[in-house]
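So the protein sequences, as listed, match chains H and R. Once you know that position 272 of the first sequence is 271 in numbering that gives the first Met the number 0, the rest is easy, because the numbers rise by one and skip nothing. Once you know that position 57 of the second sequence is 56 in numbering that gives the first Met the number 0, the rest is easy, because the numbers rise by one and skip nothing. Step one of this worksheet: look at the structure below.
Protein chains: 2
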Amino acid sequence: MIIDCHGHYTTAPRELQAYRQRQIDSLKDPSASCQAESLEISDDQIRESLESAQLKFQRERGTDLTIFSPRAVGMGHHIGNATTSLQWSRICNNLIHRVCSLYPENFVGACQLPQSPGVPPENCIPELERCVSELGFVGCNLNPDPSGGHWSDPPLTDRWWYPLYEKMVELNVPAMVHVSGSCNPNFHATGAHYLNADTTAFMQFLASDLFKDIPQLKFVIPHGGGAVPYHWGRYRGIAQDLKRTSLQELLLHNVYFDTCVYHQPGMEVLLKVIPIDNILFASEMIGAVKSIDPETGHYFDDTKRYIDSVSWLRDEDRCKIYEGNARKVYSHLR
Amino acid sequence: MIIDCHGHYTTAPRELQAYRQRQIDSLKDPSASCQAESLEISDDQIRESLESAQLKFQRERGTDLTIFSPRAVGMGHHIGNATTSLQWSRICNNLIHRVCSLYPENFVGACQLPQSPGVPPENCIPELERCVSELGFVGCNLNPDPSGGHWSDPPLTDRWWYPLYEKMVELNVPAMVHVSGSCNPNFHATGAHYLNADTTAFMQFLASDLFKDIPQLKFVIPHGGGAVPYHWGRYRGIAQDLKRTSLQELLLHNVYFDTCVYHQPGMEVLLKVIPIDNILFASEMIGAVKSIDPETGHYFDDTKRYIDSVSWLRDEDRCKIYEGNARKVYSHLR
Chain H
0 MIIDCHGHYT TAPRELQAYR QRQIDSLKDP SASCQAESLE ISDDQIRESL ESAQLKFQRE
60 RGTDLTIFSP RAVGMGHHIG NATTSLQWSR ICNNLIHRVC SLYPENFVGA CQLPQSPGVP
120 PENCIPELER CVSELGFVGC NLNPDPSGGH WSDPPLTDRW WYPLYEKMVE LNVPAMVHVS
180 GSCNPNFHAT GAHYLNADTT AFMQFLASDL FKDIPQLKFV IPHGGGAVPY HWGRYRGIAQ
240 DLKRTSLQEL LLHNVYFDTC VYHQPGMEVL LKVIPIDNIL FASEMIGAVK SIDPETGHYF
300 DDTKRYIDSV SWLRDEDRCK IYEGNARKVY SHLR
Chain R
0 MIIDCHGHYT TAPRELQAYR QRQIDSLKDP SASCQAESLE ISDDQIRESL ESAQLKFQRE
60 RGTDLTIFSP RAVGMGHHIG NATTSLQWSR ICNNLIHRVC SLYPENFVGA CQLPQSPGVP
120 PENCIPELER CVSELGFVGC NLNPDPSGGH WSDPPLTDRW WYPLYEKMVE LNVPAMVHVS
180 GSCNPNFHAT GAHYLNADTT AFMQFLASDL FKDIPQLKFV IPHGGGAVPY HWGRYRGIAQ
240 DLKRTSLQEL LLHNVYFDTC VYHQPGMEVL LKVIPIDNIL FASEMIGAVK SIDPETGHYF
300 DDTKRYIDSV SWLRDEDRCK IYEGNARKVY SHLR
């Protein structure tokens with residue numbers, strides 16, 4: 000079985016985005032309506048949005064189950080306030096739940112959290128509990144920068160985040176560290192902000208005692224870990240210069256990397272330097288890169304092809320990457 | 000000959016930092032003295048600071064000439080205002096000039112620019128001109144985020160920067176894109192902010208027409224290009240999805256990567272995916288990582304060893320990386 004731990008509902012029916020626009024408009028004009036009831040999406044629309052997209056790719060590429068969450072760029076935690084964010088998160092999460100109910104063999108849910116800049120993360124606990132306990136979700140996406148590119152909240156290793164972490168541990172779910180869109184013109188979302196956030200989070204973990212404080216906490220760093228595997232020597236050296244213990248001891252019981260790296264040499268360095276036990280298969284499809292690589296004739300995000308092409312990878316390692324590690328990190332996966 | 004295009008004067012005599020502290024103190028207390036004349040450093044002190052450090056490593060590792068600039072973390076463009084920054088930049092650049100005059104075979108200068116958040120970059124032109132025309136410097140370090148981690152100035156591709164770029168072209172010098180320290184607690188300087196800035200700048204270039212506007216402009220992206228080579232497939236795909244031309248056409252006539260990658264697999268992916276003509280040898284010594292890798296018994300930042308170990312690299316490619324490309328990019332190198 001092949002589990003893809005990183006998929007977003009990027010193909011949701013356009014009614015969803017139209018609703019979001021009404022919600023955003025209503026922030027300026029309270030007379031504009033944005034009742035949740037005004038969003039109507041039929042089961043057939045959901046089926047249609049997936050059959051020719053994620054489901055088609057699952058079949059073609061031979062993957063089985065996707066851990067599916069709302070569109071990351073769409074989370075937009077920087078828009079409005081905590082109420083805006085809660086309303087929008089509930090709608091997005093409910094839609095993921097419908098997807099998972101329609102296709103229980105193909106999708107399992109991970110939730111968007113109702114974060115908002117400057118608002119304590121513990122504010123997200125009720126929605127996390129609802130998604131895990133009532134909707135059967137197996138994880139969440141945690142935005143390390145709810146300001147959308149201004150990085151105005153405390154680092155992920157600050158006690159500011161601990162109440163949410165303690166709830167994650169209690170519910171036995173990991174978080175994928177995943178920013179949303181950027182409202183800072185310096186940062187292209189998928190080409191800079193995403194990778195920067197991955198790199199930033201790793202370095203925050205490296206310099207902190209977070210995992211001493213909460214040893215059961217688990218994070219997946221997406222997009223192949225940002226810059227981290229490429230600079231693994233730099234991080235080993237920085238940890239040593241900072242008189243920390245080894246990266247293995249410091250954080251590899253708690254931090255995992257996905258395989259969203261879209262070319263063969265990049266994938267090889269990931270598989271070479273990061274311990275196999277810390278790598279989870281993922282494609283992020285349909286996401287950051289949607290087209291076919293003219294150099295290979297295959298989709299850039301068909302990451303399974305790169306892994307399958309690594310001749311030196313042992314079968315048991317491939318099994319861990321494709322399934323075993325995901326089951327270990329996402330304990331609720333049956 | 001082996002040219003290291005990325006070295007900072009991290010070992011400057013402590014009097015320099017003491018002066019800087021007086022300057023910072025005087026921002027709050029104008030009665031505190033911070034006259035430039037109050038900084039006294041002898042030639043012997045300079046020799047001592049280099050003989051047991053950068054010069055020792057040059058000899059041991061077999062490199063010849065370092066393009067040498069003030070300590071990057073020390074630039075601190077976010078401290079004080081444009082006057083503070085100009086005064087501090089002149090002092091740091093003058094010290095680099097003394098280094099280069101004492102050891103003309105070993106060092107050639109690249110300058111710190113007197114940037115300040117919110118202040119138009121053209122304000123840096125007089126100091127750039129002074130350093131190139133009077134002090135014989137061959138390049139400059141350009142900070143894409145003078146705010147130190149708040150990213151409050153426009154992207155490098157905004158016309159805000161163009162007057163400085165035009166002067167760079169007129170003077171025939173490239174810039175290394177290099178941030179300074181971070182005053183945002185989210186970003187560790189050498190472990191996150193540096194790499195993020197490299198990645199961010201590349202993506203800004205990719206999405207812009209900067210090099211159509213100023214075809215002679217040249218940038219070196221340090222630290223192996225941040226996350227870029229590792230995610231080369233992602234960038235090729237994003238460029239394609241954005242209906243841009245190839246990366247080669249878009250920016251590889253203008254953008255170069257250094258080799259500050261501190262482990263063998265990372266170096267190999269850099270040399271594999273980035274065209275050889277776009278790679279410049281560098282070590283960043285003595286910089287981000289100062290210690291010896293227990294896995295190899297050699298310094299992490301002894302990057303020449305990794306390059307020498309790549310068996311498939313042709314001799315002519317090695318020559319380009321070690322010397323030819325640097326002479327092409329830094330036209331003033333005799």
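Cβ coordinates follow ideal geometry from the N, Cα and C atoms, glycine included. Just so it is clear, the structure is predicted and the values come from calculations on it, not from any experiment.
Query, Result
"Contact set between residue 191 (chain H) and chain R, taken where Cβ atoms lie within less than 7 angstroms", "198, 199 and 202"
"Amino acids of chain R, ordered along the chain, whose beta-carbon sits closer than 8 angstroms to that of residue 272 (chain H)", "262, 264 and 265"
"Identity of the residues DSSP links to residue 365 (chain R) by a beta bridge", "Only positions 0 to 333 of chain R appear in this structure, which leaves residue 365 (chain R) out of reach."
"Cβ pair residue 138 (chain R), residue 196 (chain R) closer than 9 angstroms", "no"
"Beta strand (DSSP E) segment containing residue 106 (chain H), residue limits", "106-111"
"Residues near residue 191 (chain R) in its chain [Cβ-Cβ closer than 8 angstroms; skip 5 each side]", "181 and 185"
"Reference residue 206 (chain R), options H:218, H:189 and H:206, closest by Cα", "H:189"
"Where the segment 211-240 of chain R meets chain H: residues whose CB sits under 8 angstroms from a CB there", "222, 223, 225, 226, 228, 229, 230, 231, 232, 233, 234, 235, 236, 237, 239 and 240"
"CB contact below 9 angstroms: residue 184 (chain H) versus chain R", "yes"
"Cβ-Cβ distance between residue 287 (chain R) and residue 193 (chain R) below 9 angstroms", "yes"
"Residue 257 (chain R) - DSSP class collapsed to helix/strand/coil", "strand"
"Residue-chain proximity (residue 287 (chain H), chain R), Cβ-Cβ < 9 angstroms", "yes"
"8 angstroms CB neighbourhood of residue 37 (chain H) in its chain, flanking five on each side removed", "18 and 21"
"Amino acids of chain H, ordered along the chain, whose beta-carbon sits closer than 8 angstroms to that of residue 268 (chain R)", "229, 264, 265, 267 and 268"
"Proximity test, Cβ basis, 9 angstroms: residue 28 (chain H) and chain R", "no"
"Contact residues within the segment 129-158 of chain R, judged by C-beta distance below 9 angstroms to chain H", "143, 144, 148, 149, 150, 151, 152, 153, 154, 155 and 157"
"Residue 232 (chain H): first and last residue of the uninterrupted alpha helix (DSSP H) it sits in", "231-240"
"Where residue 0 (chain R) falls, given that 16 or more other Cβ within 10 Å makes a residue buried", "exposed"
"Residue 75 (chain R), DSSP secondary structure in three states", "coil"
"Neighbour list for residue 187 (chain R) in chain H, Cβ cutoff strictly below 7 angstroms", "202 and 206"
"Cβ shell of residue 80 (chain H) (< 8 angstroms), same chain only, five flanking positions each side left out", "115 and 118"
"Per DSSP, the bridge partner or partners of residue 297 (chain H)", "H:292"
"Short CB-CB distance (under 9 angstroms) between residue 195 (chain H) and chain R", "yes"
"DSSP beta-bridge partners of residue 174 (chain H)", "H:139 and H:218"
"Test: residue 315 (chain R) CB closer than 9 angstroms to a CB of chain H", "no"
"CB-CB length for residue 145 (chain R) against residue 152 (chain R), believed under 8 angstroms", "6 angstroms"
"Minimum Cβ-Cβ distance from residue 299 (chain R) to chain H less than 9 angstroms", "yes"
"DSSP three-state assignment for residue 212 (chain R), whether helix, strand or coil", "helix"
"Residue range of the alpha helix (DSSP H) that includes residue 202 (chain H)", "193-205"
"Cβ pair residue 177 (chain R), residue 134 (chain R) closer than 9 angstroms", "no"
"Inter-residue spacing [alpha-carbon to alpha-carbon] between residue 284 (chain H) and residue 28 (chain H)", "36 angstroms"
"8 angstroms contact criterion, which residue 12 (chain H) and residue 34 (chain H) should meet: CB distance rounded", "No, residue 12 (chain H) and residue 34 (chain H) are not in contact; Cβ-Cβ is about 18 angstroms, not under 8 angstroms."
"Beta-carbon contacts of residue 310 (chain R) that lie in its chain and below 6 angstroms, excluding the five residues immediately before and after", "none"
"Interface residues of chain R facing residue 292 (chain H) [CB-CB closer than 9 angstroms]", "232, 235, 236 and 239"
"Integer Cβ distance of residue 331 (chain H) from residue 172 (chain H), believed to fall under 8 angstroms", "7 angstroms"
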